[in-house]
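Just so we're aligned: the sequence shown equals residues 127 to 186 in our numbering.
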Amino acid sequence: MLSSVEAEVDFIEELRLRRWAREHYVSRNQRDEFWHPVILDEMNRKEREVANAEPVFTCA
Numbered sequence: 127m128l129s130s131v132e133a134e135v136d137f138i139e140e141l142r143l144r145r146w147a148r149e150h151y152v153s154r155n156q157r158d159e160f161w162h163p164v165i166l167d168e169m170n171r172k173e174r175e176v177a178n179a180e181p182v183f184t185c186a
């Protein structure tokens, strides 16, 4: 269920918040617990993506 804050955000605003979160990513211990829930969600998504990414090996 969405909180009242999340329900009030239209699609364009949500995309803007998610982009901001990607561009201004900080580790979990540096995040402000009062940031918008969409921003916190996107930063958590980015962490999961990095954790699930396969390493890329290059030949020197």
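For each residue, glycine too, the CB sits at the ideal point set by N, CA and C.
Annotation for V135: no alpha helix (DSSP H) segment contains it, and DSSP assigns it neither H nor E. Collapsing the DSSP output to three states places W146 in a helix.
In terms of CA proximity to E149, M169 leads the group F137, M169, Q156 and E134. Assignment of V152 by DSSP, reduced to helix, strand and coil, places it in the coil class. Excluding sequence positions up to five before and after R154, its CB lies less than 6 Å from no other CB in the same chain.
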